[in-house]
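Peer 1:
Residue numbers (my numbering): 9 to 417.
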């Protein structure tokens with residue numbers, strides 16, 4: 009228990025000043041006026057404390073509504089212990105000022121919140137994307153990194169920092185670089201764990217493939233079907249044909265088949281796979297971010313932003329990038345090894361979509377594809393002027409006496 013009467017005035021001032029400063033740094037919701045009255049004889053602090061508080065805080069400080077009770081209890085405690093005759097009190101004063109944003113973090117979430125704040129701090133009561141970033145940031149890093157062996161090394165290094173984070177030696181021996189790693193230890197840990205997962209999908213361990221479950225390709229079937237002969241073994245390159253019975257026995261249980269590590273077209277195949285997968289994940293991520301903005305518009309009762317910003321943005325993304333994802337998935341599902349040579353080029357179709365043309369050697373995926381592409385381009389074209397001029401013109405019209413259409417009453 010704090011014995012105010014036994015404490016020195018300087019200690020009480022330091023304790024009280026730090027307490028108020030911590031409340032002040034928590035960002036405000038209401039402006040409160042603090043009127044502290046201390047008895048010189050009982051408290052031993054007197055006018056020096058009051059003047060010092062007035063100098064530092066100008067008799068006003070900011071605090072959250074839910075800490076008003078805690079603050080009042082603190083001064084009541086000082087009053088009771090020191091025997092003050094005049095009680096301390098706190099007044100809530102209404103204010104139209106936009107308060108800063110409070111985002112409570114801990115040692116796990118602070119690193120991710122710093123990443124979000126590096127791009128911009130959200131306005132007061134806006135939706136905070138940091139909780140989603142806890143998963144999306146290390147996962148998208150792992151999509152790029154994707155190495156099982158290096159992921160284990162990263163995880164072990166981060167796990168060591170997490171387990172010994174309270175060690176005095178580790179805290180004292182931190183240089184500038186090591187301090188940066190230490191503050192992001194939980195980020196590195198998640199990046200390492202996700203890299204292990206994506207490394208298993210890519211079947212990549214220190215740039216080498218692991219044959220854990222056994223390959224789904226059978227070379228002997230090429231000889232039994234008499235497609236290959238013994239003299240063909242002297243050739244520099246041999247091509248496995250999955251259309252030959254017994255050559256392709258099934259999909260590898262998890263990840264990329266290790267036989268691709270021996271193929272001459274390994275790099276082109278893996279780059280194509282990783283690029284298309286990254287496009288799909290990236291577009292899903294961006295679309296999710298656009299959807300989050302709709303919750304902000306609804307919360308702040310800006311219905312006009314839903315019609316003039318959110319819907320055009322969503323249509324713009326879906327009509328261009330969503331259609332690209334559709335073509336990638338459609339090509340993966342429809343074309344197999346039997347007719348893979350006849351599969352159209354997605355890149356050419358995507359370019360021809362905006363040129364309203366078609367390449368002769370690049371057939372359509374389906375019959376109505378050309379008409380659908382024209383419709384999508386028209387929708388995208390209509391969304392552009394709405395995004396550029398819709399909101400400014402509406403605000404201009406509203407500022408000059410327009411009705412409150414698009415706002416909640």
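A virtual CB, placed ideally from N, CA and C, is assigned to each residue, including glycine.
For the pair the stretch 304 to 317 and the stretch 245 to 263, tell me if three or more CB-CB distances fall below 8 Å.
Peer 2: no
Peer 1: How big is the Cα-Cα spacing for residue 379 and residue 110?
Peer 2: Straight-line Cα distance between these residues: approximately 50 Å.
Peer 1: Roughly how many whole angstroms lie between the Cα atoms of residue 69 and residue 151?
Peer 2: With a pLDDT of 46 at residue 69, under the threshold of 50, the predicted position of this residue should be treated as unreliable, though the coordinate-derived value follows. Their backbone Cα atoms lie some 47 Å apart in a straight line.
Peer 1: Do residue 330 and residue 291 have their C-beta atoms within less than 8 Å of each other?
Peer 2: yes
Peer 1: In chain order, which continuous runs of the alpha helix (DSSP H) of length 4 or greater are located wholly inside the stretch 211 to 288?
Peer 2: 228 to 232
Peer 1: So, at 6 Å on beta carbons, what are the nonlocal neighbours of residue 157 in its own chain, with the 5 sequence-adjacent residues on each side left out?
Peer 2: 213 and 214
Peer 1: What residues match up with residue 115 in a beta bridge as DSSP calls it?
Peer 2: Answer by DSSP bridge pairing: none, since residue 115 is not bridged.
Peer 1: Here's a check: name, in chain order, each residue in its chain whose Cβ is nearer than 6 Å to the Cβ of residue 184, leaving out the five neighbours to either side.
Peer 2: none
Peer 1: Applying the 10 Å Cβ sphere with the 16-neighbour rule, what's the burial state of residue 388?
Peer 2: buried
Peer 1: What residue range is occupied by the uninterrupted alpha helix (DSSP H) comprising residue 407?
Peer 2: 399 to 407
Peer 1: Could you pull out every residue in the same chain whose Cβ sits closer than 7 Å to the Cβ of residue 203, ignoring the five residues on either side in sequence?
Peer 2: 150, 153, 154, 155, 158, 159 and 162
Peer 1: Please report the straight-line C-alpha distance between residue 320 and residue 391, rounded to a whole angstrom.
Peer 2: Looking at the two C-alpha atoms, the distance is approximately 5 Å.
Peer 1: If I'm right that residue 197 touches residue 170 with Cβ under 8 Å, what's the distance once you round it to whole angstroms?
Peer 2: Contact between residue 197 and residue 170 holds: their C-beta atoms lie close to 6 Å from each other, under 8 Å.
Peer 1: When we look at the beta-carbon of residue 361 and count the other beta-carbons within 10 Å, is it buried (16 or more) or exposed?
Peer 2: buried
Peer 1: Under a Cβ-count criterion, where at least 16 other Cβ atoms within 10 Å of its own Cβ denotes burial, should residue 166 be classed as buried or exposed?
Peer 2: Residue burial is scored here from C-beta neighbours: residue 166 has at least 16 other C-beta atoms within 10 angstroms and is therefore classed as buried.
Peer 1: So, for residue 190: in the same chain, excluding its five sequence neighbours on each side, which residues have a beta-carbon less than 8 Å away from its beta-carbon?
Peer 2: Closer than 8 Å at the Cβ level, and outside the excluded window around residue 190, lie 169, 173, 178 and 182.
Peer 1: Would you check if there are 3 or more beta carbon pairs closer than 8 Å linking the stretch 361 to 377 to the stretch 330 to 349?
Peer 2: yes
Peer 1: Per DSSP, what kind of secondary structure is residue 3 in: helix, strand or coil?
Peer 2: The structure shown does not extend to residue 3, since the chain is modelled only from 9 through 417, so no value can be given for it.
Peer 1: Determine the extent of the alpha helix (DSSP H) in which residue 381 is found, giving its start and end residues.
Peer 2: 377 to 393
Peer 1: Are the CB atoms of residue 225 and residue 256 within a distance shorter than 8 Å?
Peer 2: yes
Peer 1: Taking the alpha-carbon of residue 254 as reference, which of 230, 126, 81 and 240 has the nearest alpha-carbon?
Peer 2: 230
Peer 1: For residue 325 versus residue 283, is the C-beta spacing smaller than 8 Å?
Peer 2: no
Peer 1: Please confirm whether residue 132 and residue 108 have their CB atoms less than 8 Å apart.
Peer 2: yes
Peer 1: Where does residue 135 sit, in a helix, a strand or coil, going by DSSP?
Peer 2: coil
Peer 1: Measuring CB to CB, does residue 223 end up less than 8 Å from residue 195?
Peer 2: No; because the gap between Cβ atoms is not below 8 Å, this pair is not in contact.
Peer 1: What does the alpha-carbon distance come out to for the pair residue 192 and residue 369?
Peer 2: 52 Å
Peer 1: Determine the contact status of residue 141 and residue 123, defining contact as a CB-CB distance below 8 Å.
Peer 2: yes
Peer 1: Tell me which same chain residues have a C-beta within less than 8 Å of the C-beta of residue 305, skipping the five on either side of it?
Peer 2: 311, 313, 314, 317 and 318
Peer 1: Assign residue 130 to one of three DSSP states: helix, strand, or coil.
Peer 2: coil
Peer 1: In three-state DSSP terms, what is residue 320?
Peer 2: helix
Peer 1: Taking residue 206 and residue 245 to be in contact with their CB atoms under 8 Å, please state how far apart those CB atoms are, rounded to whole angstroms.
Peer 2: Their Cβ separation, rounded to whole angstroms, is 30 Å, which puts residue 206 and residue 245 out of contact at 8 Å.
Peer 1: CA-CA distance, residue 432 and residue 211?
Peer 2: In the structure displayed, the chain extends from 9 to 417; residue 432 sits before or after that span and is not available.
Peer 1: Just how far apart, CA to CA, sit residue 216 and residue 208?
Peer 2: 11 Å
Peer 1: Take residue 201 and list the residues in its own chain whose beta-carbon comes closer than 6 Å to its own, dropping the five residues that flank it on each side.
Peer 2: 163
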